[in-house]
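Reviewing the structure listed below.
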Amino acid sequence: MDNRKLHKNLIFSQPAWQRFGRSTSGKIGLILTVALIVVAVLAPLIYPYNAAVDRDYLSRLVAPSVKHWFGTDSLGRDLLVRVWHGLGISLIVSLVSVGAGLFVGSLLGLLAGYFRGWAEVAIGILADILLAFPSILLAIAIVTVTGPSLQSVIIAVSVVQIPIYIRLTRSMVLSLREQEFVLAVKALGASDLRIIFRHILPGSLAPLVVQATLSTGTATLEAAGLGFLGLGAQPPAPELGTMLSDAFKGGYALSSPWTILFPGLLITLTVLGFNLLGDGLRDVLDPRGN
Numbered sequence: 591m592d593n594r595k596l597h598k599n600l601i602f603s604q605p606a607w608q609r610f611g612r613s614t615s616g617k618i619g620l621i622l623t624v625a626l627i628v629v630a631v632l633a634p635l636i637y638p639y640n641a642a643v644d645r646d647y648l649s650r651l652v653a654p655s656v657k658h659w660f661g662t663d664s665l666g667r668d669l670l671v672r673v674w675h676g677l678g679i680s681l682i683v684s685l686v687s688v689g690a691g692l693f694v695g696s697l698l699g700l701l702a703g704y705f706r707g708w709a710e711v712a713i714g715i716l717a718d719i720l721l722a723f724p725s726i727l728l729a730i731a732i733v734t735v736t737g738p739s740l741q742s743v744i745i746a747v748s749v750v751q752i753p754i755y756i757r758l759t760r761s762m763v764l765s766l767r768e769q770e771f772v773l774a775v776k777a778l779g780a781s782d783l784r785i786i787f788r789h790i791l792p793g794s795l796a797p798l799v800v801q802a803t804l805s806t807g808t809a810t811l812e813a814a815g816l817g818f819l820g821l822g823a824q825p826p827a828p829e830l831g832t833m834l835s836d837a838f839k840g841g842y843a844l845s846s847p848w849t850i851l852f853p854g855l856l857i858t859l860t861v862l863g864f865n866l867l868g869d870g871l872r873d874v875l876d877p878r879g880n
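Add 590 to the 1-based position in the sequence shown for the working numbering, that's all there is to it.
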């Protein structure tokens with residue numbers, strides 16, 4: 591059977607999705623993730639927001655009430671509005687970063703695993719160098735060089751993700767390049783690029799999809815950490831990590847706990863949702879589960 595058809599059957603077969611239906615964590619993760627994405631997408635459509643002019647000094651640090659469901663911060667800004675829009679920023683950073691890391695890392699992993707030789711050595715050294723640094727320290731170093739901004743955070747988190755996909759893709763390619771279907775199409779005269787992208791890559795997608803889902807939660811934490819350190823989106827942008835930083839630096843995190851509760855809760859739900867979804871997808875896409 592053609593490898594692409596086999597891979598498609600693996601993902602979309604009825605037994606696979608029946609396993610997902612039996613995965614409580616997977617269903618919770620899917621519902622939570624979809625809900626967060628929908629809420630983030632609707633934010634600018636339902637409530638357009640200009641953070642630069644949003645302040646009301648007469649309503650500073652008001653506790654949650656009917657008028658301000660999540661309370662207000664030190665500048666009198668409604669926290670519900672800010673975390674609502676901040677969720678969108680966090681999701682954009684996480685999804686774009688993981689997408690870029692997945693694209694670059696999987697491409698390098700394909701080259702290293704298929705061609706071997708000097709390409710494998712050079713790409714392997716690059717991955718080892720990147721993995722030698724703790725991810726958050728590497729991200730801080732990159733943002734320090736490029737300057738604090740949302741774009742710098744995306745670049746930093748993307749670079750941190752790259753070696754993960756290099757190693758994962760390379761290991762998959764090494765296990766597939768000697769399979770009979772690859773040797774057969776090579777004997778028929780197929781080009782290397784055709785073999786890589788039409789036969790080997792489809793067989794590597796399942797673990798890449800699972801890893802990308804799990805990495806999105808990690809990227810959310812890394813982006814929030816950079817924001818907390820003042821290296822992410824700059825004020826007055828409603829970024830969740832920056833909101834936590836403002837509360838702690840202002841000294842009112844304990845006296846006005848809602849200023850850290852709701853931004854922290856949104857970060858937690860985002861990470862939890864993608865992690866649970868990744869666990870469910872692992873059950874679906876793992877061929878050993880058939």
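Note that beta-carbon positions come from the ideal geometry of N, C-alpha and C, so glycine has one too.
Note that the structure is predicted; figures quoted are calculated from it, not measured.
- Looking at the DSSP output, Asp644 bridges to nothing.
- Pairwise C-beta distances place the segment 659–676 in contact with the segment 637–649, as three or more of them are shorter than 8 Å.
- The beta-carbon distance between Val743 and Leu816, rounded to whole angstroms, is 5 Å. This is short enough to meet the 8 Å contact definition.
- Scanning its chain for C-beta atoms nearer than 8 Å, with the 5 sequence neighbours on each side dropped, one finds around Ser655 the residues Gly661, in chain order.
- In the DSSP assignment, the residues bridged to Thr662 are Asp668.
- The beta carbons of Val749 and Val683 sit about 13 Å from each other, so the pair does not count as a contact at 8 Å.
- Selection Tyr639, Glu812 and Leu716 evaluated against Thr832 yields Glu812 as nearest (Cα-Cα).
- Following the DSSP letters along the chain, one finds Arg706 in no alpha helix (DSSP H), marked with neither H nor E.
- Here Tyr755 carries a helix assignment [DSSP, helix/strand/coil].
- For Leu727, the enclosing alpha helix (DSSP H) covers residues Ser725 to Thr736.
- Around the beta carbon of Pro828, 16 or more other beta carbons lie within 10 angstroms, which makes this residue buried.
- For the 8 Å CB-CB criterion, Asp873 and Gly616 form a contact.
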